[in-house]
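**Student:** Sequential numbering from 13 applies to the sequence shown in my numbering.
Built from N, CA and C at the ideal position, the CB exists for glycine as well.
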Amino acid sequence: LNGPGKLGLLITKTKEWLLAIRLERNYTKREIMRMYLNTVDYGSNAFGINTAAKTFFNKSPKLLTTPEAATLVGIVNAPSRFSPALHPVRSKRRRNWVLQQMTKAGYLSATEMVKDTAKPIVLHYSVESPVQGLAPYFRTEVAKYLQAWARETDHDLYADGLKIYTTLDSRMQTYAEKAVAEHLALQQKWFSAHWKGQLPWRDENGKVIPQFLETAMRRTQRYKSLMERYDGNKDSVNYYLRKKYKMTVFSWQGEQEMVMSPMDSLAYYKRYLQAGFMAVNPLNGYVKAWVGGPNYKFFKFDHVRQGKRQPGSTFKPIVYTAAIDQGYSPCFPRPDVATTFPGAAGRPPYTPKNFEGNFSGRTFTLRQALARSMNSITAWLVYKLGPETVVAYAKRLGITSPIDPVPAVGFGASDCSI
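1. Counting only the same chain and skipping the five closest in sequence on each side, list residues whose C-beta sits under 6 angstroms from that of residue 74.
2. Among residues of its own chain, excluding the 5 on either side of residue 278, which ones have a beta-carbon nearer than 8 angstroms to its beta-carbon?
3. Nearest by alpha-carbon distance to residue 172: which of 211, 190, 59, 110 is it?
4. Which whole-angstrom value is the C-beta distance of residue 289 and residue 303, which I expect to be below 8 angstroms?
5. May I ask you to verify whether the segment 145-165 touches the segment 179-191, counting CB pairs closer than 8 angstroms and requiring at least 3?
6. Around the C-beta of residue 167, are 16 or more other C-beta atoms found within 10 angstroms, so that it is buried, or is it exposed?
7. Going by beta carbon distance, what residues of the same chain come within less than 8 angstroms of residue 415, once the five residues before and after it are set aside?
8. Please confirm whether residue 35 and residue 44 have their CB atoms less than 7 angstroms apart.
9. My output table needs one value for residue 31: the three-state DSSP class, helix, strand or coil.
10. How big is the Cα-Cα spacing for residue 308 and residue 212?
11. Kindly list the residues whose CB is nearer than 6 angstroms to the CB of residue 98, restricted to its own chain and excluding five residues on each side of it in sequence; keep chain order.
12. Just verifying my parser: in three-state terms, what is the DSSP assignment at residue 286?
13. Can you list, in chain order, the residues of its chain with a C-beta nearer than 6 angstroms to that of residue 136? Leave out the 5 residues immediately preceding and following it.
14. Determine the closest residue to residue 346 out of 321, 381, 325, with distance taken between C-alpha atoms.
15. Measure the C-alpha to C-alpha separation of residue 13 and residue 20 and round it to an integer number of angstroms.
16. Please classify residue 392: is it buried, with 16 or more other beta-carbons within 10 angstroms of its beta-carbon, or exposed?
17. What residue from 133, 276, 132, 155 has the CA that sits closest to residue 142's CA?
18. Suppose you measure from the CA of residue 353 to the CA of residue 318; what does that come to, to the nearest Å?
19. Just to confirm, are residue 327 and residue 262 a CB contact at a threshold of 7 angstroms?
20. Could one say the Cβ of residue 161 lies closer than 7 angstroms to chain C's Cβ atoms, at least one of them?
21. Which one of 286, 246, 178 has the shortest CA to CA distance from residue 192?
22. Kindly indicate which residue of 138, 264, 119, 268 has the alpha-carbon position closest to the one of residue 306.
23. Can you list, in chain order, the residues of its chain with a C-beta nearer than 7 angstroms to that of residue 330? Leave out the 5 residues immediately preceding and following it.
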C-alpha cells in the first residue's frame, strides 16, 4: 500500500466487493446479467444490448444468431479493442474464444462450436445518429430536458438503463413529416420559379436588402469561431468566408455535392422556404407530432422551439379564459360594435375592426363571439380586463415568450414560439 495509487485501488475494490454482496443478496445471477447487458458500453455509441444488436447487426437481441451474440459478448471487455467494425480479425478471435467457453460450460456442442467458429462476422453496421430516424427535432429537445434532469437528479442517461417514454404518436409524426416535406417541396418549386434566380431578400418596397447576407453571416457560429481564431482580423475572416470548398448540400431532389464558399452556402440556404409543425392533444397538452424544419441534418434551427411568429387569433382563447375566470359567463351578451382604446405616448386612438371591416350591431354571447373569432368583442374584453391581466393569464398558461401588454395583445400581436 505504498503510494496513493495503490490505496485508491484498495478502496475501489472494497466498494466493488460490498456492491457485489448487495447485488447477490437482492438479485439472481440472471437478473444481474440482464441489468449488466442492458447498460454496458459496446462502443460505437451503443449502450445496452438492444442498441448494440441494432448497431452491429440491425437486429433485435432475440433474433441474433449464436455467433452474433458471442461477438457482442466479446466486445464488452474492451469495446474499442474488440470492435468488429474497427478490428474484424481481432474481434473474430475474441468471438471464437467466447464460443469455446460456451462449449466448455455445456451450452454449445463441439460440433456446433466448430461450425460457428468457421463463420465470418457479417455486419450490418450503422451507428445511430441524431440526424436520422423519426422526429429528430423533438428528440433533440427531449435530450436537452433529460440532460438537465440527469444533472439535477444525479442520473447517468447512458449507463443507468433508463427507458424514456414520450407522448409522441409515431403515426402522426410520420404523416406530419411527410406533409411538411410535400408542402415545402411544392412551395419551393413555385417560389424558385417566381424569383428566377433573382435575390429574394427584399424590403416592403421590393428592393434588395443591403448587407443582408453579411448581417446573417455575423450571427453564425462559423463567423464567431473565425473571429476568435484570427483575433478579430476581418480580412482573414472574409478570406475564409469566401474561400470555396467541396461540400454536401440539401436539395429536395436529394443531397448534392457542390463546390462553394461559406457565403455561397448561406445564400443558397437563404433561398429555401422553412416551416414548423406541432400537433398537441388539447385535453392534456401532450405533444403528438413535432416537425421543426425541412431536414434536421442541414437545418438545425427548430421552428417549433426557436422560431417565433405572431399567433394571431389563436391567442383569443386566452382572452376568453381570463374573462371567464374573472366572472364573465359564456352566455354574457355583448353587441358587435367598435371599441376604441385611447392613444398612449402620442399615438392615435386604436379601434380594432372585424375581419370583414365592419360591425353588425347584433348581440352575441361570449361563446358565440369566440366561435366566430370576432375582433370587436375580443377587443372589448381586453379593454375591460386590461392588457396586463391578459398577459398574466398567458404566462399562467405556460407561454414564456415576452408579451407586450398593449391593446392588440388579444389578437396575438406579440411573437411567440409554437
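**Tutor:** To lay it out plainly:
1. Along the sequence shown, one-based indexing puts residue 74 at 62. Nothing listed; no residue qualifies.
2. Reading the sequence shown from its first residue, position 266 is the one you call residue 278. Cβ neighbours of residue 278 beyond the five flanking positions: 225, 228, 229, 232.
3. As a position in the sequence shown, residue 172 is number 160, starting the count at 1. Comparing Cα positions, the closest option is 59.
4. The residue labelled residue 289 in the question sits at position 277 within the sequence shown. The residue labelled residue 303 in the question sits at position 291 within the sequence shown. With 8 angstroms as the limit, residue 289 and residue 303 qualify as a contact, their Cβ atoms being about 4 angstroms apart.
5. yes
6. In the sequence shown, residue 167 corresponds to position 155, counting from 1. Classification for residue 167: exposed.
7. As a working mapping, residue 415 is identified with position 403 in the sequence shown. Counting only residues of its own chain and dropping the five nearest sequence neighbours on each side, residue 415 has a CB closer than 8 angstroms to the CB of 403, 406, 407, 421, 426, 428.
8. Taking the sequence shown and counting its residues from 1, one reaches residue 35 at position 23. Taking the sequence shown and counting its residues from 1, one reaches residue 44 at position 32. Yes, they are a contact pair.
9. Residue 31 sits at position 19 when you count from the first residue of the sequence shown. Residue state, collapsed to three classes: helix.
10. The residue given as residue 308 occupies position 296 in the sequence shown. The residue given as residue 212 occupies position 200 in the sequence shown. Spanning the two alpha carbons is a distance of roughly 23 angstroms.
11. By one-based count along the sequence shown, residue 98 stands at place 86. Here the set comprises nothing.
12. Taking the first residue of the sequence shown as position 1, residue 286 is located at position 274. If DSSP states are grouped into helix, strand and coil, residue 286 belongs with coil.
13. The residue given as residue 136 occupies position 124 in the sequence shown. Taken in chain order, the residues that qualify are 69, 70.
14. Position 334 of the sequence shown holds residue 346. That would be 381, whose Cα lies nearest to the Cα of residue 346.
15. Here residue 13 refers to the residue found at position 1 when the sequence shown is read from its first residue. Here residue 20 refers to the residue found at position 8 when the sequence shown is read from its first residue. Only weak support exists for where residue 13 lies, its pLDDT of 48 falling under 50; the value from the coordinates is given anyway. C-alpha separation (whole angstroms): 9 angstroms.
16. Counting from 1 along the sequence shown, the entry for residue 392 is found at position 380. With 16 or more other Cβ atoms within 10 Å, it is buried.
17. Here residue 142 corresponds to residue number 130 of the sequence shown, with the count starting at 1. The shortest Cα separation from residue 142 among 133, 276, 132, 155 belongs to 155.
18. Numbered from its first residue, the sequence shown carries residue 353 at position 341. Numbered from its first residue, the sequence shown carries residue 318 at position 306. Rounded to the nearest angstrom, the two C-alpha atoms are 32 angstroms apart.
19. Taking the sequence shown and counting its residues from 1, one reaches residue 327 at position 315. Taking the sequence shown and counting its residues from 1, one reaches residue 262 at position 250. In this structure, residue 262 does not lie closer than 7 angstroms to residue 327 by Cβ.
20. The structure shown contains no chain C, having only a single protein chain.
21. Residue 192 sits at position 180 when you count from the first residue of the sequence shown. The residue with the shortest Cα to Cα distance from residue 192 is 286.
22. Residue mapping note: residue 306 aligns to position 294 of the sequence shown, counting from 1. Answer by Cα proximity: 264.
23. Taking the first residue of the sequence shown as position 1, residue 330 is located at position 318. The residues 402, 405, 406, 409, in chain order, have a CB closer than 7 angstroms to that of residue 330 in the same chain once the five nearest residues on each side in sequence are set aside.
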